[in-house]
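Chains as they are written, first to last, in the working numbering: chain G, 88 to 386; chain P, 12 to 310; chain Z, 108 to 473.
#1: Hey, how far is the Cα of residue 295 (chain G) from the Cα of residue 279 (chain Z)?
#2: Identify whether residue 475 (chain Z) lies in helix, strand or coil by the three-state DSSP scheme.
#3: Can you pull the chain Z neighbours of residue 216 (chain P), defined as C-beta to C-beta under 7 Å?
#4: At a CB-CB cut-off below 8 Å, which residues of chain P make contact with residue 119 (chain Z)?
#5: Can you tell me whether residue 119 (chain Z) is helix, strand or coil according to DSSP?
#6: Output, in chain order, the set of chain P residues within a Cβ distance shorter than 7 Å of residue 215 (chain Z).
#7: Mind the definition here: the region 349-362 of chain Z touches the region 164-179 of chain Z only if three or more C-beta pairs lie below 8 Å; say whether that holds.
#8: At what residues does the alpha helix (DSSP H) containing residue 303 (chain Z) begin and finish?
#9: Should residue 382 (chain Z) go down as buried or exposed, given a rule of 16 or more other Cβ atoms within 10 Å for buried?
#10: Let's see if you can read the secondary structure: which residues bound the beta strand (DSSP E) around residue 436 (chain Z)?
#11: Check whether the Cβ of residue 168 (chain P) lies closer than 8 Å to any Cβ atom in chain G.
#12: Cα separation between residue 364 (chain G) and residue 169 (chain G)?
#13: Where in the region 191-274 of chain G do unbroken runs of the alpha helix (DSSP H), each at least 4 residues long, occur, reported from the N-terminal end onward?
#14: When the Cα atoms are used, what is the spatial distance from residue 124 (chain G) to residue 156 (chain G)?
#15: Which residues in the same chain have their Cβ closer than 7 Å to the Cβ of residue 340 (chain G), if we skip the five residues on either side of it in sequence?
#16: Return the first residue and the last residue of the beta strand (DSSP E) that residue 362 (chain Z) is part of.
#17: Can you name, in chain order, every residue of its own chain whose Cβ lies under 8 Å from the Cβ of residue 278 (chain G), other than the five neighbours on each side?
#18: Please report the distance separating the alpha-carbon of residue 370 (chain G) from that of residue 140 (chain G).
#19: Shorter than 8 Å from the beta carbon of residue 330 (chain Z) to some beta carbon of chain B?
#20: DSSP state of residue 77 (chain P), grouped into three classes?
#21: Consult DSSP for residue 137 (chain P) and reduce its assignment to one of helix, strand or coil.
#22: On a CA-only basis, which of P:116, P:95, P:69, P:68 is nearest residue 79 (chain P)? Give me that one, please.
#23: What span of residues does the beta strand (DSSP E) with residue 384 (chain Z) cover, start to end?
#24: In whole angstroms, give me the CA-to-CA distance for residue 411 (chain Z) and residue 156 (chain Z).
#25: Would the region 188-201 of chain Z count as touching the region 240-252 of chain Z if we require 3 or more Cβ pairs under 8 Å?
#26: In the DSSP assignment, find the alpha helix (DSSP H) that holds residue 294 (chain G) and state where it starts and stops.
#27: Relative to the C-alpha of residue 258 (chain P), which candidate in P:148, P:97, P:75, P:103 has its C-alpha closest?
#28: Give a yes or no on whether the C-beta atoms belonging to residue 471 (chain Z) and residue 398 (chain Z) are separated by under 8 Å.
#29: Would you list the residues sitting across from residue 298 (chain Z) in a DSSP beta bridge?
#30: Would you mind giving the Cβ-Cβ distance between residue 253 (chain P) and residue 160 (chain P), rounded to the nearest angstrom? I have them listed as a contact below 8 Å.
#31: Curious, which full-length alpha helix (DSSP H) runs of at least 4 residues does the region 289-328 of chain G contain?
#32: Quick check: what's the CA-CA separation for residue 26 (chain P) versus residue 293 (chain G)?
#33: Would you say residue 144 (chain Z) and residue 300 (chain Z) are within 8 Å of each other, going by their C-beta atoms?
#34: If the criterion is Cβ atoms closer than 8 Å, does the pair residue 264 (chain Z) and residue 203 (chain Z) meet it?
#35: Buried or exposed: where does residue 390 (chain Z) fall if 16 or more other Cβ atoms within 10 Å of its Cβ makes it buried?
#36: Among Z:163, Z:373, Z:467, Z:443, which one has its Cα closest to the Cα of residue 339 (chain Z)?
As structure tokens, then:
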């Protein structure tokens, strides 16, 4: 009330200006620069090659060279692996998270709820790097599992648990799990339990109450969780770098390589931009879905 | 979504959950309405316990190993704190820690101020570009960090800004503002505007009202946001790995390079310490984010 | 009597919505004045404009002889008790009450003393160092009251301060508030949607509807002599009769069309002309249900059909329908033990009678 109809005030602009400046210069502008540079050519020492005749450069079609290159069959396996690993991660996270979110939100005793939730929130914020590293301790040749199995006499040669797709998969699920549990919990928490009782009262068995009432009503949480897990998974490079081998390279590693090792920024920028485009598409799809359902997006 | 609310419903309406114990035995009260059968509850409970084990076992193992006298193997060879003692002599780690504290400190102060101002603008006013601002504030959180890092390093290269500790700080500020804005805004959403009206009614001008009423009331939210940002900044590996200049190695960068060389007990020790520090900050931050007015009368 | 608050032609629009529509009224010094009406009638907006939390789209507001229309709240000699109490959660009770005194130039010690006096006024000694979170709803509102009173305002504004309290506590606090107001001789402007509450405390009441003041009168007058259908309805007298003016003489209106003999009713208006349609009401407690048409003492009697009987404890409500199709409510005091059977039975016929002096003629519609 009030503020809208009284004379316009400068206050909000003064308050928001620093954020606009910071995000404009340090977020939007860099994205724009990266987009422009993705059309450039690499110079001799990894920098940008100056372009003498911009018009001729554009006409020659060379400006698309990085994008053309990124579509070469050489990189297909990387994209494919990134996609299916992110998908499997997402599905696994969903299957693991729903029951525990349900437990915390509906089944657990009230006085435990905050503690149980906090136990999910803590890994949500603590160092991804260190939590990934912990798996190296467990999986490596001299790691916990191999040591226990060898000591127990169950195997006589250490298993190759680390540096493969299996290890990457564990790392991804482990790292992303809280991102799935929390939105699911948030929507289960909002669920009106009398609706479940009504469903039972009307003759639905528990399983069918779940499919016909619980799941549809918590769909916003499911979709938010899927988005929140899929996006970081597809851009991941720490997990695959630490737990994966050469054969489990993901698109994140490909990008990182162009900047850190190959020093081909234009090419790296092109792939990074393609990744951004995929992510934004996903987000738009999500926003569209949420709007269609007439709900406020949970993200 | 990124600030998972504590179980507010659990606190306010203990209806269906209060009376039911966690792992319900055979003599449990008859399931109310759609509440799961005892065996369903038990299954959910067991599943949840396993998930918590999955989330915390690696962390526990890491901490236990940091006290293991064995240098190479996972075999327990006695308790020692020598790895922690050695950290104190490791100049690389100490230097990295110092860098990290500088980066996180400056980032926290700057991002907290800018983010709080933005939250005030968003919560209190309607202004041109509000929707776009909200979307833009949200993007740094959801866009893969690798894109963020790649864009920033490309941008710094384009404007010929030499990579240093300052480029790290600028980058961290860029992604931290969003977190503060979101946390503080959530706090402001529950803010009773009549508090400010009461202050003005009692003779306080707008500035006095802000410092004597608004700020003290939202302070827990601001501190929560600040702690969160400090944690994220001190934990960040991905973005820093792109934008850190020579001599600007932060703790996660240092840990990463040590990990790449090989698993060592020193890494376990420093990781454990970092983990502990961030967990403390997260727990405090979470407490502060809980319901205004509930259980936090500070007198 | 001198004027404390003068509201002259005040309108407040929020976009297309007119919250307050050309309101003019004067609040006298030292009176307990209530703005009464349903939610959304504009009473709170009007109060907030007096407090300086909203500014009028049109019109002028004066406090004393000062034009305060565009003054911010912190420059006005008025203070408010908020519906939510609006106690600062980060300050103790005493710090809350002393909050504004610093702006009056009081040093810390003097401010504390004054705050203590204010707390004593609302009988909250001993609560000085509690945080607001540890107070009950009634105590919170008392602190809010003390906080406003400590400022020694010329006018105290109260925005439904009792709405959150339970029924019993509310009744207590109402009397307390009224006594406090009387003993301090302070001007109170009180907003409420509860007619009983307004009647209990107020010297005068302005009944508001859709942004306009429907009636402004002494409180018993508003109750006994509603001027419009809305006020009658709001004051619990939903018994509407329609008639035709026969003649007007010496403040008496002769109404025909309903009974054989004309109904005599008082009127203060002299704009009535013969054959004007006229609406009037009779309060339910002033109606009687009879088995016979009793025309003695000039009583008015109308034959009706009994539709329902509702036991309400103190009263029994008879719902009846006239032959013109209008429904009426009659309160019968339960001064005898309850019995299932009665002289009247639902579905039967009976006579509804009243003393003609209880006929309240509504304002002529223009």
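Each residue gets a CB set at the ideal place from its N, CA and C atoms; glycine is no exception.
In short, the structure shows the following:
#1: What you label residue 295 (chain G) is simply residue 208 of the first chain in a count that begins at 1. What you label residue 279 (chain Z) is simply residue 172 of the third chain in a count that begins at 1. Taking the straight line from one Cα to the other gives about 54 Å.
#2: The structure shown does not extend to residue 475 (chain Z), since chain Z spans only 108 to 473, so no value can be given for it.
#3: Position 205 of the second chain, counted from the start, is the residue given in the question as residue 216 (chain P). What residue 216 (chain P) touches in chain Z: 181.
#4: One-based indexing of the third chain puts residue 119 (chain Z) at position 12. Here the premise fails: no neighbours, minimum Cβ distance about 16 Å.
#5: The residue labelled residue 119 (chain Z) in the question sits at position 12 within the third chain. Residue state, collapsed to three classes: strand.
#6: Position 108 of the third chain, counted from the first residue, corresponds to residue 215 (chain Z). Correct list: empty, because the minimum Cβ distance to chain P is about 14 Å.
#7: no
#8: For the purposes of this step, residue 303 (chain Z) is identified with residue 196 of the third chain, where counting begins at 1. From DSSP, the alpha helix (DSSP H) with residue 303 (chain Z) extends over 302-308.
#9: If you number the third chain from 1, residue 382 (chain Z) lands on position 275. Burial call: exposed.
#10: Position 329 of the third chain, counted from the first residue, corresponds to residue 436 (chain Z). Unbroken beta strand (DSSP E) run through residue 436 (chain Z): 434-440.
#11: As a working note, residue 168 (chain P) is residue 157 in the second chain. Taking a beta-carbon distance threshold of 8 Å, residue 168 (chain P) counts as an interface residue toward chain G.
#12: Your numbering for residue 364 (chain G) matches position 277 in the first chain. Your numbering for residue 169 (chain G) matches position 82 in the first chain. Cα to Cα, the separation comes out at about 15 Å.
#13: Counting whole runs of 4 or more residues, the region 191-274 of chain G contains the alpha helix (DSSP H) stretches 197-212, 215-226, 231-238.
#14: Here the question's residue 124 (chain G) lines up with position 37 in the first chain. Here the question's residue 156 (chain G) lines up with position 69 in the first chain. Near 15 Å, if we compare the C-alpha coordinates of residue 156 (chain G) and residue 124 (chain G).
#15: The sequence position of residue 340 (chain G) within the first chain is 253, counting from 1. The residues are 324, 327, 328.
#16: Working through the third chain from its first residue, we reach residue 362 (chain Z) at position 255. Here the beta strand (DSSP E) through residue 362 (chain Z) covers 359-363.
#17: In the first chain, the residue the question calls residue 278 (chain G) occupies position 191. Excluding residues within five positions, the ones whose Cβ falls inside 8 Å are 192, 193, 301, 304, 305.
#18: The count along the first chain starts at 1 and reaches residue 370 (chain G) at position 283. The count along the first chain starts at 1 and reaches residue 140 (chain G) at position 53. When rounded, the distance between both Cα atoms is 38 Å.
#19: Among the chains of the structure shown, chain B does not appear; the protein chains present are G, P and Z.
#20: Position 66 of the second chain holds residue 77 (chain P). Residue 77 (chain P) falls in the coil class under three-state DSSP.
#21: Numbered from 1 along the second chain, position 126 holds the residue referred to as residue 137 (chain P). If DSSP states are grouped into helix, strand and coil, residue 137 (chain P) belongs with coil.
#22: Working through the second chain from its first residue, we reach residue 79 (chain P) at position 68. Cα-wise, what sits closest to residue 79 (chain P) is P:95.
#23: By one-based count along the third chain, residue 384 (chain Z) stands at place 277. Taken as a continuous stretch (DSSP letters only), the beta strand (DSSP E) holding residue 384 (chain Z) covers 384-388.
#24: Position 304 of the third chain, counted from the start, is the residue given in the question as residue 411 (chain Z). Position 49 of the third chain, counted from the start, is the residue given in the question as residue 156 (chain Z). Taking the straight line joining both Cα atoms gives about 49 Å.
#25: yes
#26: On the first chain, position 207 is the one that residue 294 (chain G) refers to. Taken as a continuous stretch (DSSP letters only), the alpha helix (DSSP H) holding residue 294 (chain G) covers 293-296.
#27: The sequence position of residue 258 (chain P) within the second chain is 247, counting from 1. Selected option, being the one with the closest Cα: P:103.
#28: By one-based count along the third chain, residue 471 (chain Z) stands at place 364. By one-based count along the third chain, residue 398 (chain Z) stands at place 291. In this structure, the beta-carbon distance from residue 471 (chain Z) to residue 398 (chain Z) does not fall below 8 Å.
#29: In the third chain, residue 298 (chain Z) corresponds to position 191, counting from 1. Answer by DSSP bridge pairing, in chain order: Z:142, Z:266.
#30: Numbered from 1 along the second chain, position 242 holds the residue referred to as residue 253 (chain P). Numbered from 1 along the second chain, position 149 holds the residue referred to as residue 160 (chain P). Rounded, the Cβ-Cβ distance is 3 Å, consistent with contact.
#31: 293-296, 306-321
#32: Counted from its first residue, the second chain places residue 26 (chain P) at position 15. Counted from its first residue, the first chain places residue 293 (chain G) at position 206. Per-residue confidence for residue 26 (chain P) stands at a pLDDT of 32, beneath the threshold of 50, marking its modelled position as unreliable; the derived number appears in the next sentence. Roughly 20 Å between the two C-alpha positions.
#33: Counting from 1 along the third chain, the entry for residue 144 (chain Z) is found at position 37. Counting from 1 along the third chain, the entry for residue 300 (chain Z) is found at position 193. For the 8 Å CB-CB criterion, residue 144 (chain Z) and residue 300 (chain Z) form a contact.
#34: The residue you call residue 264 (chain Z) lines up with position 157 of the third chain. The residue you call residue 203 (chain Z) lines up with position 96 of the third chain. Against a cut-off of 8 Å, the Cβ pair of residue 203 (chain Z) and residue 264 (chain Z) comes out as no contact.
#35: Along the third chain, read from residue 1 onward, the residue named residue 390 (chain Z) stands at position 283. The residue in question, residue 390 (chain Z), is buried, as its Cβ has 16 or more Cβ neighbours within 10 Å.
#36: Numbered from 1 along the third chain, position 232 holds the residue referred to as residue 339 (chain Z). Considering only alpha carbons, the answer is Z:467.
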